[in-house]
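Q: Below you will find the structure I want to go over with you.
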Amino acid sequence: MQPSSSAWRPTIAGSHYAVSTGHYLATAAATRALELGGNAIDAGVTAAMVLAVVQPDVVSFAGVAPTLVYLREEQCVVSLEGLGYWPALTDIARLREVASGTGGTSVPEGILRQIVPAAPATHIEALRRFGTFSFEQAALPAMELAEEGFYVYPELSSSIALHAGEFARYAENATTFLPGGQAPGVGARLRQPNLARTIGRMIASERAASGNRAAKLRAVHEFFYRGDIAREIDAFHRQHGGFLRYEDLAGFEVPVAQSIATQYHGHEVHACDTWCQGVVLLETLKILERDDLRALGHNSPAYLHLLAEALNLSFADREAYVGDPSFIDVPTAELLSARYAADQRARIDAQRAFGAMPQPGPLRDNSRAGLRLPQPAQGPAPLAPDTIYGCVVDRQGNAFSVTPSDTTYDSPMVDGLGFVVSTRGMQGRLEDDHPCVVEPGKRPRLTPTPALALRDGEFAMAWGTPGGDVQCASMLQVFLNVTQFGMEMQSAIEAPRVATFNFPNSFAPNQYLPGRLCVESSVGADTIDALSALGHDVQVWPERSWSAGAVCAIARDPATQMLHAGADPRRAAYAMAR
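Following the working numbering, the numbering of the sequence shown begins with 81 at its first residue and continues without gaps.
The structure is reproduced here in structure tokens:
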């Protein structure tokens with residue numbers, strides 16, 4: 081990796097372990113877990129639960145938690161599919177009726193967008209299968225921070241203030257996040273006593289259980305999904321007209337499955353299956369595989385144009401083909417094939433942007449040419465409402481990559497429990513012919529998308545970011561900055577980025593901005609003008625914009641075995657290593 085003096089922060093290097101997460105308190109908690117003898121999975125789960133406390137505007141303790149784990153001894157990547165499904169009572173006609181009553185055509189805000197919560201089951205199963213900690217050891221830092229409180233940082237204060245009107249609609253949300261009727265200022269102490277009590281009850285269920293560590297962890301799952309907490313969620317939904325019932329929770333088990341992967345210049349890049357958008361990152365890499373990106377020049381107009389157009393093709397395929405593989409036949413193998421990538425690459429004109437979203441690629445057995453799109457929207461690209469990220473690599477070489485998420489302002493918290501049940505139903509669709517159309521038992525297609533890369537079977541890189549639909553674009557650029565341009569990790573993260581919005585947004589109301597390319601101003605005025613001349617509808621973001629995501633990443637230097645970690649100054653992310 082080449083050194084650089086352009087970064088605001090140093091790359092953090094260590095030979096024993098490395099941690100990078102979206103908040104310094106989560107990074108500190110994960111570091112402490114490693115120092116106490118925990119492995120990457122123990123530390124990663126610890127960090128994920130802390131993130132749900134210290135970044136409660138963008139993560140719910142009972143939200144989603146898509147997770148990838150690299151097991152050094154087996155030299156394999158495992159996916160914990162941390163996404164719940166629509167309840168059995170889900171009624172799309174009712175969703176359409178409520179949406180139309182407010183003038184919308186997308187899944188409405190409120191309790192009707194809540195689906196089965198997956199994060200608790202995911203964390204518990206990760207510990208049970210791959211960790212060494214008890215639930216109490218992993219959850220105690222989160223419980224203490226919820227109970228004792230933590231100091232509100234500028235980003236959180238601004239976020240709560242921005243959504244104050246939405247928090248105020250729901251009694252417990254307002255009590256928790258608008259103490260005294262207003263958003264907490266920077267430096268105020270934010271406490272979440274009900275969430276602390278819920279975590280404490282889960283810890284107590286583990287203490288009361290008999291058997292070995294695995295049996296005790298299973299008892300925590302049973303308490304949440306088949307015990308008192310499940311019954312309280314059921315009662316709340318019955319009282320407020322929601323779909324979720326005890327039976328939906330009791331039947332939930334987090335799937336543990338193979339990841340999907342593609343090859344790119346000696347790296348085997350892994351993402352979660354097509355219930356999330358990770359295939360966009362993989363397909364884009366495949367489209368770019370034969371290009372000499374270094375010859376184009378880093379962040380040159382030609383380079384950024386090529387990246388944007390490759391992303392546009394992949395996002396068009398996402399819109400047409402990608403959804404829950406338990407319900408639809410997703411042509412993943414063809415989307416990631418060399419032949420298809422070459423066909424897609426041939427569609428890119430170096431002299432002219434697509435303009436509107438291109439048609440999805442013509443698949444041999446499943447073409448959706450003529451795909452209907454929402455009416456084009458005007459104005460700036462929307463802010464992504466949620467998500468955070470964390471990764472850990474331990475001294476044994478295991479790696480953990482997780483992107484926990486879900487909003488806490490657009491849906492009611494369960495009385496007394498201190499959390500909002502997963503609002504990920506917001507990424508379902510109400511059009512009958514859409515791959516993400518809402519159905520009972522089906523998972524909405526998820527934007528949070530952790531990634532891992534291997535080289536010769538060994539860990540090479542873990543990375544991810546918040547940012548909704550921006551995630552794949554930001555992750556692509558950081559990965560290429562490291563692997564193709566030889567940047568040190570922190571410089572790769574801080575380098576100016578672009579993001580396309582030339583597709584229906586994943587979040588309701590699914591805003592579509594034809595040809596839109598958002599560009600950080602630090603790319604340079606000449607490059608911005610050149611991209612506009614190529615036909616992109618350029619929107620300029622400020623330098624190091626919050627909207628460009630907040631990439632956290634760890635890479636291993638194969639020559640020295642040193643771990644290099646970076647964290648994005650665009651938000652409150654932080655890295656540590658030893």
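In this text, a Cβ means the ideal position worked out from N, Cα and C, and glycines have one as well.
(1) Is N119 buried or exposed, if buried means 16 or more other CB atoms sit within 10 Å of its CB?
(2) Have a look at V518 and G403 and give me their C-alpha separation to the nearest angstrom.
(3) Short of 7 Å in beta carbon distance, which residues of its chain neighbour L270, apart from the five on each side in sequence? Order them along the chain.
(4) Who are the near neighbours of R535 in its chain, counting only those whose CB is closer than 8 Å to its CB and skipping five residues on each side?
(5) Once DSSP output is grouped into helix, strand and coil, what is the label at L114?
(6) Counting along the chain, where does the alpha helix (DSSP H) carrying V300 start and finish?
(7) Applying the criterion that 16 or more other CB atoms from any shown protein chain within 10 Å of the CB defines a buried residue, is D474 buried or exposed?
(8) In this structure, how does DSSP classify W166 when only helix, strand and coil are distinguished?
(9) Taking three-plus beta-carbon pairs below 8 Å as touching, is the segment 316-336 in contact with the segment 377-394?
(10) Quick check on the burial criterion: 16 or more other C-beta atoms within 10 angstroms. Buried or exposed for Y97?
(11) Candidates L532, F565 and R452: which alpha carbon is nearest D512's?
(12) Should L324 go down as buried or exposed, given a rule of 16 or more other Cβ atoms within 10 Å for buried?
(13) Can you tell which of T580, L131 and S186 has the C-alpha that lies nearest to the C-alpha of H385?
(14) Check whether the segment 630-637 and the segment 604-618 are in contact - that is, three or more C-beta pairs closer than 8 Å.
(15) Quick check: what's the CA-CA separation for L497 versus A222?
(16) When we look at the beta-carbon of V266 and count the other beta-carbons within 10 Å, is it buried (16 or more) or exposed?
(17) Quick one: Cα of S84 to Cα of Y305, how far?
(18) Kindly indicate the opening and closing residues of the alpha helix (DSSP H) around F407.
(19) Nearest to I172 by CA position, among G470, E369 and R509, is which residue?
(20) Give a yes or no on contact between the segment 168-187 and the segment 198-211, applying the rule of three or more CB pairs nearer than 8 Å.
(21) Do the CB positions of N582 and N392 come within less than 8 Å of each other?
(22) Tell me the start and end of each unbroken alpha helix (DSSP H) in the segment 209-238 that is at least 4 residues and wholly inside, in chain order.
(23) Please report how far the alpha carbon of Q319 lies from the alpha carbon of A310, in whole angstroms.
(24) Comparing C-alpha positions only, which one of A572, V157 and F499 sits nearest to F559?
(25) Between F247 and the rest of its own chain, which residues show a CB-CB distance below 6 Å, the 5 nearest in sequence each way excluded?
(26) My understanding is that T529 touches L415, with C-beta atoms under 8 Å, so please give their C-beta distance in whole angstroms.
(27) Quick check: the Cα distance between Y344 and V130, rounded to an integer number of angstroms?
(28) D536 CB to nearest chain B CB: under 8 Å?
(29) For the structure I just gave you, are there three or more beta carbon pairs, one from the segment 424-432 and one from the segment 456-476, closer than 8 Å?
(30) Considering only C-alpha positions, which residue in the set V336, L532, A645 and V138 is nearest to F499?
(31) Since T487 and P465 should fall inside the 8 Å C-beta cutoff, what is the C-beta to C-beta distance between them, to a whole number of angstroms?
(32) Cβ atoms of G435 and P594: under 8 Å apart, would you say?
(33) If we call anything under 8 Å between Cβ atoms a contact, is A531 one with M569?
(34) Helix, strand or coil for W659, going by three-state DSSP, please let me know.
(35) In chain order, which continuous runs of the alpha helix (DSSP H) of length 4 or greater are located wholly inside the segment 546-602?
(36) Quick test of your reading: Y104 and Y592, contact by CB under 8 Å. State the CB separation rounded to the nearest angstrom.
A: By the coordinates alone:
(1) buried
(2) 11 Å
(3) G229, F230, V232 and P264
(4) G346, H347, E348 and P638
(5) helix
(6) R293 to R306
(7) buried
(8) coil
(9) no
(10) buried
(11) R452
(12) buried
(13) T580
(14) no
(15) 15 Å
(16) exposed
(17) Interpretation of S84 is limited by its pLDDT of 45, a score under 50 that renders its predicted location unreliable; the figure taken from the coordinates is listed afterwards. Answer to the nearest angstrom: the Cα atoms are 49 Å apart.
(18) Segment: none, F407 is in no alpha helix (DSSP H) and carries neither H nor E.
(19) R509
(20) no
(21) yes
(22) 215-228
(23) 14 Å
(24) A572
(25) N253, A254, F257, L258 and Y489
(26) That pair is no contact at about 15 Å.
(27) 34 Å
(28) In summary, chain B is missing from the structure at hand, where a single protein chain is found.
(29) no
(30) V138
(31) 5 Å
(32) yes
(33) no
(34) Given a span of 81 to 658 for the chain in the structure shown, any question on residue 659 remains unanswerable.
(35) 551-563 and 569-574
(36) The Cβ separation is near 37 Å, so there is no contact.
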